[in-house]
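J.: According to the working numbering, the sequence shown is numbered sequentially starting from 166.
Glycine included, each C-beta is placed from N, C-alpha and C at the ideal position.
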Amino acid sequence: MRKNPIGFFDSGVGGLSVLKYALKIMPEENYIYFGDSLNAPYGTKAKEHVFELTEKGVEYLLKQNVKAIVVACNTATSIAVDELRKKISVPIISMEPAIKPALEKTKGKILLLATNVTLSSDRVNKLIDKYDHDKRVIKVPCPELAKKIEESVFKNINIDSYLNNILLPYRECDVTAIVLGCTHYPFVKDKIVNFFKNEIIVFDGIDGTVAHLKEILIENDIKNLSNEKGTVTIESSLKEKNTIELYNKLLFGGIL
Ligand code: DGL
């Protein structure tokens with residue numbers, strides 16, 4: 166069991182940002198990544214549809230004998246994870262927008278960038294109600310940003326003007342921190358930081374998720390104890406010629 170892979174799931178390339186950090190913290194583990202780029206983005210779909218697609222992705226990973234699953238997608242987490250945990254026997258680790266650390270470590274306004282599905286979910290709104298007593302968090306829906314990031318990877322399309330239009334209303338707003346509430350967004354983190362004139366601290370929640378993954382592996386006695394580097398298998402529902410090559414470039418080289 167210890168040598169079985171850890172499954173990673175996302176609507177597309179976003180979860181690679183989480184896998185990249187997991188590889189740094191636990192290089193000895195074996196990983197299998199499944200990105201549903203054929204159906205991306207999830208953030209503009211009906212909640213039932215997001216649930217169905219997430220369940221399908223998780224079931225696919227289970228068939229590969231994974232010992233744990235990381236739902237490396239905030240949108241899928243906000244809709245499906247609570248329900249899936251009731252049905253599935255392996256531990257499921259998920260994403261949570263890093264609102265709490267952002268509130269604790271900064272003063273001033275915090276932009277929470279995420280998909281519409283994530284921002285309207287009970288899960289995220291409960292989190293905001295619990296910690297944001299001074300109403301510092303501003304929700305910024307980015308309906309197309311994950312899709313644009315997929316397009317920029319697969320079709321080499323420039324997304325700067327789309328991104329700038331989203332951020333423009335907040336440029337003069339005394340923003341001190343940004344929470345990236347979607348795992349696609351770390352790939353455009355530098356562009357976001359450069360847009361603001363003042364210094365901005367960015368929180369992406371990835372370190373928290375990977376630390377949690379490690380804890381769960383230890384608690385369940387399934388952490389790989391080998392000293393050797395593990396393997397990474399990448400799969401996608403999008404079957405175009407260069408899909409896997411581009412996923413790999415994003416994971417190991419950084420093409421955005
Ligand atoms: N990576 C997903 C997330 O974290 C992308 C959302 C989408 O597919 O729209 O929310």
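Using three-state DSSP, classify Thr374 as helix, strand or coil.
T.: helix
J.: Can you tell me where the beta strand (DSSP E) with Thr341 in it begins and where it stops?
T.: 340–345
J.: CA-CA distance, Gly273 and Lys312?
T.: 30 angstroms
J.: Helix, strand or coil for Glu315 per DSSP?
T.: helix
J.: If you follow the alpha helix (DSSP H) that Pro266 is part of, which residue opens it and which one closes it?
T.: 264–270
J.: Going by DSSP, which residues form a beta bridge with Val236?
T.: Paired residues: Phe174, Ser259.
J.: Can you look up Gly418 in the DSSP assignment and give me helix, strand or coil?
T.: Correct three-state label for Gly418: helix.
J.: For Ile275, which of helix, strand or coil comes out of DSSP?
T.: strand
J.: What three-state label does DSSP hand Lys165 in the structure shown?
T.: Since the first and last residues shown for the chain are 166 and 421, residue 165 lies out of range.
J.: Starting from Tyr412, trace the alpha helix (DSSP H) in both directions and tell me its first and last residue.
T.: 408–413
J.: Would you mind reading off the limits of the beta strand (DSSP E) that contains Ile293?
T.: Under the DSSP assignment, Ile293 falls outside any beta strand (DSSP E), being part of the alpha helix (DSSP H) whose first and last residues are 287–296.
J.: Given 7 angstroms as the limit, tell me if Tyr207 has its C-beta closer than that to any heavy atom belonging to the ligand DGL.
T.: yes
J.: In the DSSP assignment, the alpha helix (DSSP H) including Lys300 goes from what residue to what residue?
T.: Unbroken run through Lys300: none, as it is neither H nor E.
J.: What is the rounded straight-line gap between the Cα of Ala342 and the Cα of Leu332?
T.: 13 angstroms
J.: Can you say whether Gly346 is buried or exposed, counting buried as having 16 or more other CB atoms within 10 angstroms of its CB?
T.: Around the beta carbon of Gly346, a 10 Å sphere encloses 16 or more other beta carbons of the protein chains shown; the residue is thus reported as buried.
J.: Cutting at 7 angstroms between CB atoms, please list the residues of its own chain near Glu194, excluding the five before and the five after it.
T.: Ile171, Asn389, Gly395
J.: Report buried or exposed for Gly418, applying the criterion of at least 16 other Cβ atoms within 10 angstroms of its Cβ.
T.: Gly418 comes out exposed.
J.: Can you grab the Cα-Cα spacing for the pair Lys212 / Glu337, in whole Å?
T.: 34 angstroms
J.: With distances taken from CA atoms, which of Asp201, Asn239, Tyr350, Val178 is nearest Tyr225?
T.: Asp201
J.: What does the alpha-carbon distance come out to for the pair Val340 and Thr283?
T.: Rounded to whole angstroms, the gap between the alpha carbons of Val340 and Thr283 is 21 angstroms.
J.: Does the pairing of the segment 251–270 with the segment 287–296 give three or more beta-carbon distances under 8 angstroms?
T.: A contact exists between the segment 251–270 and the segment 287–296.
J.: If you reduce the DSSP assignment to three classes, tell me which class Phe361 lands in.
T.: coil
J.: Taking 7 angstroms as the limit between beta carbons, can you name the residues of its chain near Ala205, skipping five residues before and five after?
T.: The beta carbon of Ala205 lies closer than 7 angstroms to those of Ser176, Gly177, Ala311, Lys312, Glu315 in the same chain, with the five residues before and after it left out.
J.: Just checking Asp355 against the ligand DGL - is the residue's beta carbon closer than 7 angstroms to any of the ligand's heavy atoms?
T.: no
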